[in-house]
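Taking this note's numbering, the leading residue of the sequence shown gets 17, the next gets one more, and so forth. Down below is the structure, laid out as structure tokens.
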Amino acid sequence: MSKEIPYKIYLKEEELPRYWYNVRADMKTDHCPILNPQTLKPVTVEDLEPVFCTELAKQELNATDRFIEIPEEVRNFYKMYRPGPLVRAHFLEKALGTPAKIFYKFEGNNTSGSHKLNSAIAQAYYAKEQGLTSLTTETGAGQWGTALAMACGFFGLNLKVYMVKCSAMQKPYRKAVIETYGAQVIPSPSDTTEVGRRMLAMNPDSSGSLGTAISEAVEVAVSTEGTRYVLGSVLNQVLLHQTIIGQEAKMALEKYDCYPDIVIGCAGGGSNLGGLMAPFMADRLAGKHAPHFIAVEPASCPSLTRGKFAYDYCDTGKVTPLAKMYTLGSGFIPSPNHSGGLRYHGMSPILSQLYHDGYLDEARAVEQTSVFEAAKLFAKVEGTLPAPESSHAIRVAIDEALKCKETGEAKTILFGLTGTGYFDLAAYMSYNAGTMSDYIPTDEDLQKGFEGIPKLEGIQ
Ligand SMILES: *Cc1c(COP(=O)(O)O)cnc(C)c1O
């Protein structure tokens, strides 16, 4: 007889993982190399060094070391808010009347309100170690900008955050938090960069996009002494840092002899899902029993379910390297009535390859009103007001639990509750007022984005 499972499973501080797990080292087919956009040759550490810290450039290209030690200072910072709890969603199970066991890994218990701090603190640490003085980045919904501002504040680094203009206007309080930690917020597109000025000339009323904000932040990083650029998702290094999530979740489940049948995560750039599923993916890649993996994305920005698997730029200004990934085209800008995050045009190359090869089993696109319906139920019964991004995973966890109710199967479902929704209240207000609508791009809409994917004779 297994032990009774409590509402929350806590790990001890000393159980905090000492290594990040590099799933790439175990993948049967590594993802296609990231290409230098000028030479179309695989990028080297030297190519990446003007943009990224050297240690992070090495992590980006590391396909061989299975484990990378978490530096002591980073691990000590983690101790302020980790290990995070694994929560058994008893109340949600009861509300749904499902025999399924639902667990969620909660990453919202730090001021940034999301999992993004796990990578922000690591990236700021390596910048400090290298003797850099400043970092630049972009932020969409604002969680990454907040997380990085916290990390830079901790290590005494300057930070410029290019914030997608519509978010900067919708979320003045995010801006206030970022500034409190000492960083500077610049709405993007801005007149502080060449790319920004070009975008403004084309469309002075542009509400901005993550792709443009990335181009601006990269431009400033490569043209300013002692400055590098950092990114909060998509990259291999970010997925690597986020494996702390999956390792803790797996360890917590093992204490109660549990193993998930289904692992669900929302997918914007793929970092939280990649991090949550990595240690379970290790089982799959080793030929052992493993869960069914589901990536959940918004129907309005459907890179995995409707995108092309192709080499594309990671930004709108086409200054970044080319990555082979599921993409909607770097010029794709989701409809402004899309409220939640997860607006990025591409997807992590690691996740893309795993999906292409059938290891990441399934991707589902869900509509935002159904996401907020799930968010509201979750908030009522489990107490936590979820971030709209996380609520994509909640939606599918509920759908899977309801399937169990029909079949009578008591499956174990694990999903990532990546953050809280306190800065997304405009979206909640619109849902509560009944004015939120769904938007699904037509094939013609998507075609416009696909036309911007580079042709690259002989490569794709
Ligand atoms: C950024 C963010 C996401 C999506 O990013 P991924 O890289 O796909 O994980 C999901 N949830 C929250 C709360 C976020 O802040």
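Glycine included, every Cβ here is placed at the ideal spot set by N, Cα and C. From a predicted model like this one, the values you see are computed outputs, not experimental measurements.
Can you check DSSP and say which residues form a bridge with residue i?
i: A379; result: A311
i: A339; result: D328
i: M179; result: T155, P203
i: Y97; result: DSSP lists no partner for Y97.
i: T243; result: S150
i: K24; result: V103
i: G248; result: DSSP output for G248 lists no bridge partner at all.
i: P188; result: For P188, which the question treats as bridged, DSSP gives no partner whatsoever.
i: W36; result: I84
i: N174; result: S150
i: V279; result: F309, L430
i: T436; result: P402
i: F122; result: L433
i: K117; result: T428
i: L51; result: P58, L338
i: S130; result: G435
Buried or exposed: which applies to residue i, given that a residue is buried once 16 or more other Cβ atoms fall within 10 Å of its Cβ?
i: Q258; result: buried
i: Y375; result: buried
i: M17; result: Because M17 carries a pLDDT of 45, less than 50, the predicted location of this residue cannot be relied on, and the following value inherits that uncertainty. M17 comes out exposed.
i: E442; result: According to the sequence provided, residue 442 is Ala. The question's Glu does not apply to it. So A442 ends up on the exposed side.
i: R34; result: exposed
i: H305; result: exposed
i: I244; result: For the sequence presented, residue 244 should be read as Arg rather than Ile. It is buried - the Cβ of R244 has at least 16 other Cβ atoms within 10 Å.
i: E109; result: buried
i: P220; result: exposed
i: K471; result: exposed
i: I456; result: exposed
i: N92; result: exposed
Return the CA-CA distance between residue i and residue j, expressed in angstroms with no decimal places.
i: A192; j: E31; result: 35 Å
i: L370; j: T321; result: 14 Å
i: I194; j: L430; result: 32 Å
i: G147; j: T60; result: 22 Å
i: D415; j: V177; result: 37 Å
i: S239; j: E76; result: 22 Å
i: T152; j: Y360; result: 18 Å
i: A167; j: A395; result: 29 Å
i: Q476; j: A326; result: 7 Å
i: L418; j: A217; result: 51 Å
i: G435; j: G100; result: 12 Å
i: I310; j: R380; result: 7 Å
i: R98; j: G286; result: 21 Å
i: Y342; j: P318; result: 9 Å
i: P188; j: V201; result: 11 Å
i: K44; j: L301; result: 7 Å
i: K19; j: M267; result: 15 Å
i: E55; j: D81; result: This sequence places Thr at residue 55; Glu is not what is there. Answer to the nearest angstrom: the Cα atoms are 27 Å apart.
i: V236; j: D273; result: 50 Å
i: L393; j: L269; result: 25 Å
i: S368; j: L51; result: 16 Å
Do residue i and residue j have their C-beta atoms within less than 8 Å of each other?
i: G156; j: G347; result: no
i: P203; j: M179; result: yes
i: N174; j: T208; result: no
i: Y37; j: A298; result: yes
i: Y312; j: V382; result: It is Val, not Tyr, that sits at residue 312 in the sequence shown. A contact, by the Cβ cut-off of 8 Å.
i: L401; j: P53; result: no
i: S407; j: L255; result: no
i: D440; j: A403; result: yes
i: F119; j: A105; result: yes
i: P276; j: T428; result: yes
i: H131; j: I280; result: no
i: G333; j: S231; result: yes
i: C48; j: K340; result: yes
i: K95; j: E154; result: no
i: G437; j: Y447; result: no
i: A79; j: A41; result: yes
i: G291; j: W160; result: no
Shortest alpha-carbon distance to residue i belongs to which of the options?
i: L289; options: E405, D461, A167; result: E405
i: G284; options: F296, D299, M297, L226; result: L226
i: C69; options: G242, T114, R214, I230; result: G242
i: G432; options: E422, Y444, A409; result: A409
i: P314; options: S446, L269, V246, Q384; result: Q384
i: G169; options: C182, Q159, Y141; result: Y141
i: C282; options: L393, A41, R411; result: R411
i: A111; options: E398, K471, Q463; result: E398
i: S135; options: D331, L164, G465; result: L164
i: D46; options: L393, N252, Y329, K271; result: N252
i: T228; options: G303, D331, A184; result: D331
Does any residue of chain B have a CB that is nearer than 8 Å to the CB of residue i?
i: E109; result: Absent here is chain B; the protein component of the structure consists of one chain.
Any chance the CB of residue i is under 7 Å from a heavy atom of ligand 2?
i: K191; result: Summarising the ligand content, the structure contains ligand 1 and does not contain ligand 2.
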